[in-house]
Structures are given as structure tokens and as C-alpha cells.
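Report on the following structure.
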Amino acid sequence: MENNRSSFASNFGFLMAAIGSAVGLGNIWGFPYKMGKSGGFTFLIVYLLLAMFVGLIIMTSELALGRKTKLSPIDAYKVVSKKFAWIGWLAIIAPFLIMSFYSVLGGYVLQYMSLNLAELSFGLSGIFGQAISGSATFGAMLTNQFGCFFFTLLFMIICMVIVMGGVSGGIEKFNKIGMPALAVMLLIVIVRSLTLPNAVEGLKFMFVPGYAVKGGFIESSPDLITVLGTAGGQMFFSLSLAMGAILTYGSYLSKEENLVSNSITIVVADTLIAILAGIAVIPAAVANGINNGIPVNEISLNGPKLLFVTLQDVFTNMGKAGPLFGVIFYLLVLLAAISSAISLMEAVGAHWIDKDLQAGKGDTRKGITLIVSLLITVEALLVAVDGLGSNGIHPAALLGIQGPVPDFIADWLDFMDCWSEGIAMPLGAMLMALMIGWELTPNLILEEVGHGNHSPFFGKFYTVCVRFVVPIVMAFVLAGQMIGFFGGSQILWYVVAFGLLVIFWVFAANGKKQS
Ligand code: PFF
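Okay, so the sequence shown: first residue is 58 according to this note's numbering, each after it adds one.
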């Protein structure tokens with residue numbers, strides 16, 4: 058059954074693909090703005106600690122589960138666990154829901170790249186009689202429902218073709234070229250960003266403790282627990298954890314490779330690119346704001362506006378060179394979005410590809426990828442025409458709810474994000490850690506990790522983290538996400554999150570161990 062299963066051709070190819078999955082909109086867009094919103098430096102420290110004690114552990118666990126079973130998430134969990142066999146479904150539903158908006162955001166990026174390319178090639182003002190301006194262009198794009206859907210479709214077609222190409226022939230090949238190209242483009246944008254007058258204010262905002270408040274960017278820093286929730290959610294999303302993608306890629310990896318060093322490489326690379334993306338984006342946005350007389354607290358470093366309004370203004374204000382940097386920047390974001398989207402699509406389709414292979418039906422990758430792409434396009438239609446809630450068809454409007462509403466029904470993107478990134482991801486990670494730590498015992502993973510060759514220190518570190526640190530931190534992240542999406546009483550959501558933690562902890566630890 059395993060003979061014909063796809064695999065990566067080399068460890069380098071695997072690393073590029075896994076880093077490609079991790080490096081995405083989350084790094085270039087989410088990281089800088091969440092860092093800004095959460096008071097800069099504190100966020101960075103909390104993020105780094107979480108990546109080390111939680112991200113690395115889940116990364117290693119997912120890769121090991123995938124490679125040990127050589128199966129996609131649904132079957133992998135079924136094979137190793139009696140109690141948690143159903144977690145695999147979370148790891149298919151979550152990436153499917155994420156794709157509903159990831160593809161639309163990919164479509165936005167494609168539109169911005171095309172606009173800058175058109176301006177660079179023909180001088181857009183000559184075509185439409187109007188230069189690109191951040192907020193006007195963004196507003197016009199969101200309300201152009203057909204355009205948004207069209208570019209979403211285009212984005213989906215690109216991803217579909219790559220996934221249809223196979224694990225080594227499509228995914229690995231794309232990433233082996235795309236990731237180094239992305240790194241080069243990022244360096245070019247960083248040099249441009251840092252040489253703008255007043256860019257240093259942006260650097261201070263990011264790296265000088267307390268400067269976000271002292272410099273007048275935000276009124277006050279959020280409390281540490283809120284930062285923990287935000288940083289935890291961001292770290293998981295950014296590292297593509299608990300969504301089936303890393304597990305699926307791990308299942309295509311050769312038995313010879315060491316999973317500890319691979320996990321460390323992926324976590325370090327993703328974190329480094331997130332910080333570098335911050336350095337590319339924040340100083341440019343801050344410098345452009347200050348140079349145009351915008352008070353620092355009004356510079357939009359937050360939400361979708363950062364990428365599509367604030368940064369486009371940076372390029373527009375650069376004059377002649379602007380469109381060139383615009384093309385380079387949005388192309389790099391596009392590469393990042395594609396390399397992540399293909400891992401999400403692979404995580405969804407792999408189960409059925411495996412099933413057909415096992416049933417002797419041969420390689421049905423193309424057909425299954427086509428079906429997965431069509432289904433994603435259907436759900437993405439909703440997000441695309443909603444235009445981040447600007448076209449009056451968001452969930453709250455459909456439910457007839459007036460006035461201020463909780464985030465999760467404010468628009469379709471947030472609605473999909475709530476169930477996937479908000480609930481399925483932290484819950485899935487918590488359950489995975491409890492399963493490994495208390496039902497299966499950590500040794501099962503440690504045996505797979507380096508064929509028993511890992512250092513004794515790693516063994517101890519892994520065991521303590523997977524049994525205690527990860528489940529507890531995930532309860533905080535889950536509470537933080539629910540508070541963010543649903544609002545209302547904070548205490549209530551902490552009770553719910555920690556209640557679930559206790560229930561599943563007892564469930565995992567009780568009775569006979571499975572192996
Ligand atoms: N890590 C990607 C990002 O930072 O944008 C998003 C992502 C990809 C999340 C794959 C989850 C996943 F399975």
C-alpha cells in the first residue's frame with residue numbers, strides 16, 4: 058500500500074516545502090500588525106518563548122506522527138490512538154475552512170501585483186486616468202465583487218495546477234524555486250524600507266521596549282494574558298501547526314531524516330522571516346506616515362489596511378520607482394500565499410488520494426485535487442463577494458442583527474477564521490499534546506524523531522513540554538481566541554477553555570495506555 062505513495066525527493070526539498078507552508082500571509086501581514094497592536098517588543102519576546110516551548114514541540118510531534126504512520130491526518134490519528142481517533146477530522150476541516158479566505162486574500166494580492174505591474178509597464182494613470190491610491194483602490198476592490206471572485210479563481214487555478222503536479226513534481230519543485238526567490242525579494246524590500254527617512258521610528262516601535270506607547274503609536278499595551286493569546290494564535294497559524302499540513306508533509310518524508318533538526322530549521326526560518334517581514338513593512342509604513350504629516354497614532358499598522366492601504370501608499374509615494382517595488386513586494390507576498398495554500402490543499406486532499414491508492418485505484422491525485430479546488434472555490438465565493446463585510450451580506454446582516462456585533466459574525470472571513478484558527482487549531486493542538494503525553498506516552502514520538510538518536514536533553518525537554526507546557530498554554534490560547542471572536546465575559550471563556558483542558562486531560566490519562 059505504501060509503495061506508490063508520493064514522497065519528497067530530498068530533505069532540502071522537504072524543508073523548502075515545509076518552510077513554504079509556514080511562511081505565508083501570517084508572516085508578512087499578521088505578524089507585523091499583531092506585533093504593533095500588542096505593543097511591539099513584549100509581543101516579540103512572548104512569541105519567541107512560545108515558538109521554542111510550544112511550536113517546536115508540536116512541529117516535531119506532527120512530523121513524527123506523519124512519518125511514523127505514512128498516512129494523512131484522518132488515518133494517522135486512527136492508527137495511533139483509540140481515544141483521539143477523531144482529531145484527524147479537525148485537521149481536515151480546519152485547512153478547508155482556512156482556504157475559504159486564504160484564497161480570497163491570495164486573490165487580493167494578485168490584484169495588487171497586477172495593478173502595480175500595469176502601472177510599471179504602461180503607466181496605469183494612462184489607462185484608468187487615476188494613480189493607485191491605497192484607500193481608494195482598496196475600497197474599490199472590495200466592492201467589485203466580480204473582480205474579487207475572478208482573482209480568487211485565478212489564485213485557486215495556480216495552486217491547483219501545482220498540487221496536481223504531485224508532491225515532488227509540483228509542491229517540492231515550486232518551493233525549491235519560490236522560497237529562495239522570496240528571500241531575495243524580501244531583502245530588496247528591507248533595504249528600500251530602511252533607507253526611507255524616519256524609518257528608524259518604525260524600528261524603535263518594534264524593538265525598543267515600551268516605545269509603542271511612549272512614541273505615541275498606541276495608548277496602552279494590552280495585558281500579558283492578552284498578549285499570550287494573540288502571540289500563541291499567531292505562532293500556531295504562522296507555523297502551520299495543528300491543521301494537518303505539517304503532518305501530511307511529514308508523511309512524505311524519508312525515514313532517514315532527523316526530525317529534531319528539521320523542526321528546528323523550520324521554526325527558526327519561519328520566525329526569522331516573520332521578523333524580517335516586520336522590518337520590511339513597519340518602518341516603511343511608519344516612515345511614510347510621518348513624512349506625510351500623519352500623526353503616528355493614525356498610521357494604520359493594523360488589519361488588512363496595513364498590506365493593502367498603508368503599504369500601497371508607501372509605493373505610490375515613492376514616485377517612479379514605486380510600481381517596481383510594488384511589484385516586487387506583492388509578488389513576494391503572492392509566492393508566500395501560494396506556498397502556504399498548496400499545503401492546505403494537500404492536507405485536505407491527501408486522505409482521499411491515499412484511500413484510492415490503498416483500494417488499488419491508482420493515483421487519483423488530479424481528480425481529487427480538482428474536486429477539492431472546486432469545493433474551496435464555492436466556499437470562497439461567499440468570502441469574496443462579502444468584501445470583508447463591506448457589501449452588506451455578512452453573517453450579522455443575514456441574521457438581521459443590528460448594531461455592534463461580535464467579530465465572528467462581522468464578516469465571512471472572520472466567521473471562517475473563528476472555527477478554524479480560533480477553535481479547531483488550539484483545540485486540536487491541545488488534544489494532540491494530551492494524546493501524546495498521556496495516552497500514547499512521549500516515547501512513541503521520541504523513537505520516531507531520531508530513531509532513538511536524539512540527545513537525552515531533548516527527550517526530557519520534549520516530555521515535560523508535551524505533557525504540561527503545551528496543554529496549559531493551549532488553554533490560554535483557546536480562551537484568548539474565544540474572547541477575541543465572541544467577546545463577552547472573559548472569565549466565562551477561561552472557564553470554558555480550562556474546563557475542556559481538565560476534561561480531556563482526565564480522559565487521556567485514564568485507563569489503559571494504547572500503543
Ligand atoms: N502558515 C501560513 C501563514 O503564516 O500564512 C498559513 C497556514 C498554512 C496555516 C498552512 C495553516 C496551514 F496548515
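Note that the Cβ used here is the ideal one computed from N, Cα and C, for glycine as well.
Could you tell me whether the Cβ atoms of residue i and residue j are closer together than 8 angstroms?
i	j	result
TYR519	LEU503	yes
ASN84	ILE330	yes
PHE100	PRO266	no
PHE141	GLU478	no
MET198	CYS205	yes
ASN374	GLY273	no
HIS451	ASP464	no
LEU45	LEU381	Since the first residue shown for the chain is 58 and the last is 572, residue 45 is missing from the structure and cannot be characterised.
GLY350	ALA151	no
ILE76	VAL220	no
ALA342	THR322	no
LEU167	LEU389	no
HIS408	ILE155	no
LYS312	MET73	no
ALA394	THR209	no
PHE429	VAL405	It should be pointed out that residue 429 corresponds to Val in this sequence rather than to Phe. Yes, these two residues count as a Cβ contact at 8 angstroms.
THR283	GLY537	yes
ASP132	GLY123	no
VAL523	GLY568	no
LEU147	GLY507	no
GLY324	GLY112	Here residue 324 turns out to be Val, not Gly, going by the sequence shown. Their beta carbons are under 8 angstroms apart, which means VAL324 touches GLY112 by this criterion.
TYR387	TYR134	no
MET531	SER138	no
GLY446	ASP468	yes
If residue i sits next to residue j, beta carbons under 8 angstroms apart, how far is it from one beta carbon to the other, in whole angstroms?
i	j	result
GLY259	ILE339	4 angstroms
PRO130	LEU304	5 angstroms
SER20	VAL224	A question about residue 20 goes unanswered here, because the residues of the chain that appear run from 58 up to 572.
PHE365	TYR165	6 angstroms
SER397	TYR159	7 angstroms
ILE410	ILE425	5 angstroms
VAL534	GLY290	6 angstroms
SER95	ALA334	Not quite, the Cβ-Cβ distance comes to about 16 angstroms (not below 8 angstroms), so this is no contact.
GLY475	PHE555	Sequence check: residue 475 is Cys here, not Gly. About 20 angstroms separates the two Cβ atoms, so there is no contact after all.
ALA437	SER157	5 angstroms
MET217	LEU392	Actually they do not touch by this definition, with Cβ atoms about 16 angstroms apart.
Whole angstroms are fine: how far does the CA of residue j sit from the CA of residue i?
i	j	result
SER297	SER78	7 angstroms
GLU505	LYS125	6 angstroms
TRP550	ALA481	15 angstroms
TRP143	GLU229	29 angstroms
GLY417	VAL563	41 angstroms
ILE184	ASN359	The pLDDT assigned to ILE184 is 45, lower than 50, so where the model puts this residue is not dependable; a value taken from the coordinates is nonetheless given after this. Between ILE184 and ASN359, the C-alpha separation is close to 31 angstroms.
ALA337	PRO237	17 angstroms
GLY186	PHE179	In this predicted model, GLY186 has a pLDDT of only 49, less than 50, meaning its place in the structure is not dependable; the value taken from the coordinates is given anyway. Taking the straight line joining both Cα atoms gives about 12 angstroms.
LYS362	ALA66	40 angstroms
LEU401	ARG249	32 angstroms
GLY196	ALA490	43 angstroms
VAL435	GLY376	40 angstroms
GLY307	ASN345	42 angstroms
PHE69	GLY226	14 angstroms
ALA269	GLY460	31 angstroms
GLN369	MET487	39 angstroms
GLY449	GLY419	46 angstroms
LEU558	PHE514	27 angstroms
LEU174	LEU470	27 angstroms
PRO254	ILE347	9 angstroms
ALA326	ILE458	44 angstroms
VAL103	GLY286	10 angstroms
PHE231	GLY222	10 angstroms
ILE540	GLN547	6 angstroms
SER572	THR117	Legend: pLDDT at SER572 = 45, less than 50; position of this residue unreliable, value from coordinates given subsequently. Their backbone Cα atoms lie some 19 angstroms apart in a straight line.
GLN202	SER192	17 angstroms
VAL246	PRO89	15 angstroms
PHE71	ALA121	14 angstroms
SER320	GLU119	10 angstroms
ILE466	ASN315	44 angstroms
At a threshold of 7 angstroms, does residue i count as lining the ligand HEM (C-beta to nearest heavy atom)?
i	result
ILE131	Within the structure as shown, the ligand HEM is missing, the only ligands being the ligand PFF.
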